[in-house]
Amino acid sequence: SDTLNLRSVTTTEADKSMVALLHSYGGLGRFSSLPKEMPVTGQTYYEDADIDLLAKRQFQAKTNWVVALGPYEMVRGDQKDFNCGAWRFGISVLEV
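The sequence shown begins at 55 in the working numbering and counts up one residue at a time.
Laid out in structure tokens, this is it:
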């Protein structure tokens with residue numbers, strides 16, 4: 055989910071290859087999103103149908119999990135704590 059269904063600017067070719075590999079290992083149906091080469095540019099692209107379904111299910115599962123948490127757990131679940139001299143602080147991110 056960190057690469058937002060392989061559409062984030064941080065998505066790498068390694069991410070795309072790993073999704074293809076894990077999808078085939080997971081037995082989630084016929085995977086049509088194996089890399090293909092564009093005739094004009096030679097760049098790699100993926101057919102998105104299976105990946106989109108997998109991402110949608112992943113996002114829905116995470117949403118269900120977050121909704122079931124209480125407020126404290128929502129905020130503290132991904133909090134990173136830091137010390138800087140006499141200061142102690144935390145940074146937390148909650149995806150909505």
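Heads up, the beta-carbon is just placed ideally off N, CA and C, and yes, glycines get one too.
Tell me the rounded alpha-carbon separation between residue i and residue j.
i: Glu127; j: Leu58; result: 23 Å
i: Asn118; j: Leu108; result: 15 Å
i: Ala140; j: Leu148; result: 27 Å
i: Arg61; j: Ile105; result: 11 Å
i: Lys134; j: Ser146; result: 6 Å
i: Val120; j: Ala74; result: 27 Å
i: Phe143; j: Gln114; result: 31 Å
i: Ala122; j: Cys138; result: 34 Å
i: Glu67; j: His77; result: 15 Å
Check the DSSP bridge columns for residue i and list the partner residues they point to.
i: Arg142; result: Asn137
Helix, strand or coil for residue i per DSSP?
i: Arg130; result: helix
i: Asn59; result: coil
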